[in-house]
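The block underneath contains the structure these notes are about, expressed in structure tokens.
Protein chains: 2
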Amino acid sequence: MKSVTIYDIAREANVSVATVSRVLNNSAPVKESTRRKIMEIIERNQFQPNALARSLLKKETGTIAIILPDITNPFFPEVFWGAENMGRELGYTFFMCDSAGDYKRESEYLGILRERRVDGIIFLGGRINVANCPPHLVQEVVDLSRHLPIVLVNGQLASSGLHRIYTDEAKGAELVVRHLIELGHRDIAFLGGLEYMNTTRVKVKAVRKVLKEHGLDLPPERVKYGEFSIQAGRALMDQLLASPKRPTAVMCVNDFTAVGAVKSASEHGLRIPDDISIAGFDGTPLSEAVIPELTTVSQHAYELGKLAVESLHKLISGEKVKKQAVLEPRLIVRQSTGPVKKVY
Amino acid sequence: MKSVTIYDIAREANVSVATVSRVLNNSAPVKESTRRKIMEIIERNQFQPNALARSLLKKETGTIAIILPDITNPFFPEVFWGAENMGRELGYTFFMCDSAGDYKRESEYLGILRERRVDGIIFLGGRINVANCPPHLVQEVVDLSRHLPIVLVNGQLASSGLHRIYTDEAKGAELVVRHLIELGHRDIAFLGGLEYMNTTRVKVKAVRKVLKEHGLDLPPERVKYGEFSIQAGRALMDQLLASPKRPTAVMCVNDFTAVGAVKSASEHGLRIPDDISIAGFDGTPLSEAVIPELTTVSQHAYELGKLAVESLHKLISGEKVKKQAVLEPRLIVRQSTGPVKKVY
DNA sequence: TTGAAAGCGCTAACAG
DNA sequence: CTGTTAGCGCTTTCAA
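Structure representation (structure tokens):
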């Protein structure tokens, strides 16, 4: 089990470790014949340099960590996949940290990652998505960011000056509402999402704005806050349908809740979109897998991951990077929304 | 940006680095007063020991890597989530490596992980799931396993003697077929999965076996091989439905293909399960998200991840571990399967 | 083109 | 209870 080191190679080749190091890194010219001899010995011994030792010296590890709130939500694997594909080419390996959206876990990971000397961190969810993040939690991230680059994806930390990549969710929500209005809907509800999370607030605000432009409004009973899960979507929709007069269209905070809403609606005997239109958000693969396929808004998850790594890499290399990169959301009209049915 | 080291702390506290190290690791008694002083200085400087240096010395990194074929397939996040929850308590951090099922990428990662001196590897998909894995690819893993523990999840490497955790897929397939037969189905088809992958073969074989027990068989035209995606499921189902006489029930290789099959069937105007029963496999969250909810077989993905880490940890700690751990699959009957409709 | 030697930051004997 | 010291495996001057 004794692992072979650069010394073993050097000894066997009758050269110094410096020379072996040189052929390993191509960091200086080495006589062709010695190079070949060394290479041969390396191959034969299946020698692999110890990345820890190298990192200790070079002060860079070639690792990036991604902290996210829920890997089982299909939006995040998509982001990761984008990040990894970009990162692999640049030579990075990824630590995956599922925080479950829990501040404590986030802090825990932040500490661990610092100890492990990752080259950078991509942060999603949790504290960067709440309306009023406790100052010490903001500070923690800001402090860390003085040691290593951090990129926030789809979130922010009040006046932290951290780099951000995000999709314009307000714009996305507007797209959905305009689409619904064009279809003739006048009674639109908003469903899902915790009230104190930004992703929820931003959307509700945008919905209000667009409705107002059309002389419509969003009364309190047409907004149902809750979790982001399928279950929550279903329960919330149940509530909505329990009211005497039901809306003709529902915009959901994400695809999960939309799926739940669809379930509830069909359990209530409603046909979608004939009896009620339901729209999701995120454009996850799930939205396409469901029947009926969901009208939703693509957040370009893959792209977000890719861009995050790209920025991070530049930051790591000391290049100048724009503080913010905003992606345009894209409305994807599918089967779950349709013209309002006139009832005379 | 100069990072503070144990030396800085020692100097400021007027003690030796050894003492600082002792309070850091609680590895030997230290006078309470000095301990407090040192702690205070550590806090004030936000000192975090460099894990690289420690790992270099201790020959253990506290990292586990998980190699899997497709993080966007909801089965795998579930496995990861189980692994992480178990691993976090044991002090591990996770490298996530999406191989895309590509042997080249797998090899690439295997090399990188060795260099990074991960404490262990959890391997899923790709080469451990094909019927005839090229010997050099087997050898590569076996070689590596002499340097660090490797656990194969839901797969195997011919006579490699590697540790394995898996769900009994044959049993799972049997469960589905028996369920279908009980419902009165006599014409059952199998859909999806590459023919050369074990996960496909095992299931087809099991289906044949059970059908035979009941005096039935699985003619070639009732088996449609293909990818594991939703798209594949849909295309394959289209083929199946193009035949003059369609089966009354379809068992799919996984939930993705089942979802595709459901789509195709409903596009063809068939009601599920009244006109045709469709069953999935894996028990992913997707199977429950979809409408109608899928009858499927739970592979206990979360549990697989948990167990994998548990074994790995024991292996790492030098404890004795069973070569194999087999989980019992569980049939989950939901809405996509029902009694066969008698047609006279 | 090559070698000697000084660390990177930490832990673990070994002495005291 | 505490300090000295020898590495862990590698890269990188500085000389030769």
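Read top to bottom, the protein sequences are chains S and R. FYI, the numbering for the first sequence is 15 to 358, going by my numbering. FYI, the numbering for the second sequence is 15 to 358, going by my numbering. All C-beta atoms, glycine included, are put in the ideal place defined by N, C-alpha and C.
Supposed close pair residue i, residue j - CB separation, criterion 8 Å
i        : j        : result
R/ILE81  : R/SER121 : 11 Å between Cβ atoms; not a contact.
R/VAL190 : R/ALA293 : 5 Å
S/VAL165 : S/PHE137 : 7 Å
S/LEU205 : S/ALA275 : 6 Å
S/LEU300 : R/LEU300 : 7 Å
R/SER49  : R/VAL37  : With the sequence shown as reference, residue 49 of chain R is identified as Arg, and Ser is not the correct amino acid for it. At roughly 5 Å, the Cβ-Cβ gap stays under 8 Å, so R/ARG49 and R/VAL37 are in contact.
R/LEU255 : R/HIS282 : 5 Å
S/ALA315 : S/PHE89  : 5 Å
R/SER291 : R/THR351 : 4 Å
Option in the options with minimal Cα separation from residue i
i        : options                                   : result
S/ALA27  : S/MET53, S/ASN40 and S/SER17              : S/MET53
R/ILE346 : R/HIS282, R/SER325 and R/THR298           : R/THR298
R/THR77  : S/ARG50, S/GLU129 and S/GLY229            : S/GLU129
R/ARG348 : R/GLY207, R/VAL311, R/ILE244 and R/SER30  : R/VAL311
R/VAL237 : R/LEU158, R/CYS266 and R/GLU103           : R/CYS266
R/GLY207 : R/TYR180, R/LEU194 and R/ALA249           : R/ALA249
R/LYS51  : R/THR33, R/PHE109, R/ASP182 and R/ASN64   : R/THR33
R/LYS336 : R/ASP269, R/LEU254 and R/ILE179           : R/ILE179
S/PHE61  : S/ILE85, S/LYS16 and S/PRO91              : S/LYS16
S/ALA303 : R/ASP269, R/ASP296 and R/ARG285           : R/ASP269
S/VAL93  : S/GLU103, S/GLY105 and S/MET110           : S/MET110
S/ALA184 : S/GLU317, S/LEU254 and S/GLN313           : S/GLN313
S/SER69  : S/PHE108, S/ASP133 and S/LEU225           : S/ASP133
R/THR181 : R/GLY169, R/SER174 and R/ARG192           : R/GLY169
R/VAL221 : R/ARG192, R/SER173, R/GLU241 and R/ILE135 : R/ARG192
R/GLU235 : R/GLY247, R/LYS259 and R/LYS223           : R/LYS259
S/GLN338 : S/TRP95, S/GLY175 and S/ASN59             : S/GLY175
R/THR75  : S/ASN146, S/PRO83, S/LYS72 and S/LEU66    : S/LEU66
R/LYS277 : R/ASP289, R/ILE244, R/THR262 and R/ASP288 : R/ILE244
S/ARG25  : S/LEU162, S/ILE56 and S/SER257            : S/ILE56
R/GLY125 : R/THR271, R/ALA79 and R/LEU71             : R/ALA79
S/HIS327 : S/GLU98, S/PRO63 and S/ILE20              : S/GLU98
S/VAL18  : R/VAL144, R/ASN59, R/ARG131 and R/VAL29   : R/ARG131
S/VAL340 : S/GLU317, S/GLY332, S/PRO353 and S/GLU333 : S/GLU317
Beta carbon proximity, residue i to chain S, threshold 8 Å
i        : result
R/PHE61  : no
R/TYR358 : With a pLDDT of 48 at R/TYR358, under the threshold of 50, the modelled position of this residue cannot be trusted, and the question is left open.
R/ILE136 : no
R/MET251 : no
R/HIS177 : no
R/ASP231 : no
R/GLU129 : yes
R/ALA65  : yes
R/ASP3   : Because chain R is modelled from 15 through 358, residue 3 of chain R falls outside the range shown and cannot be assessed.
R/SER13  : As displayed, chain R neither begins before 15 nor continues past 358, which places residue 13 of chain R out of reach and without an answer.
R/ILE244 : yes
R/ASP116 : no
R/ASP22  : no
In DSSP terms, what residue i is bridged to
i        : result
R/LEU166 : R/PHE137 and R/ARG178
S/CYS111 : S/ILE81
S/GLN338 : S/ARG178
R/LEU71  : According to DSSP, which records beta bridges pairwise, R/LEU71 is partnered with nothing at all.
S/ARG344 : S/SER312
S/CYS266 : S/LEU205
S/ILE292 : S/VAL264
R/VAL237 : R/PHE204
S/MET211 : S/VAL144
Chain R contact for residue i (CB, 8 Å cutoff)
i        : result
S/LEU308 : no
S/MET265 : no
S/HIS314 : no
S/ILE126 : yes
S/HIS150 : no
S/LEU255 : no
Any non-hydrogen atom of the ligand NAD closer than 7 Å to residue i Cβ
i        : result
R/ARG200 : The ligand NAD is not among the ligands present in this structure, which contains no ligands whatsoever.
* Which residues, taken in chain order from the region 273 to 306 of chain R, show a beta carbon closer than 9 Å to some beta carbon of chain S? -> VAL273, GLY274, VAL276, LYS277, SER280, PRO299, LEU300, GLU302, ALA303, VAL304, ILE305 and PRO306
* Residues in the region 90 to 108 of chain R having any Cβ partner in chain S nearer than 7 Å -> PRO91, GLU92, PHE94, TRP95, GLU98, THR107 and PHE108
* To do: Below 8 Å between beta carbons is the criterion; list the residues of the region 192 to 205 of chain S that meet it against any residue of chain R, in chain order.
  => Here the close residues number zero.
* Output, in sequence order along the chain, the residues in the region 77 to 89 of chain S whose CB is closer than 7 Å to any CB in chain R. => ILE85, THR86 and PRO88
* To do: Would you list, in chain order, the members of the region 165 to 176 of chain R that have their beta-carbon closer than 8 Å to a beta-carbon of chain S?
  => Look at the region 165 to 176 of chain R: it has no residue with a C-beta under 8 Å from a C-beta of chain S.
* Which residues, taken in chain order from the region 324 to 357 of chain S, show a beta carbon closer than 8 Å to some beta carbon of chain R? -> For chain R, none of the residues of the region 324 to 357 of chain S brings a beta carbon within less than 8 Å of one of its beta carbons.
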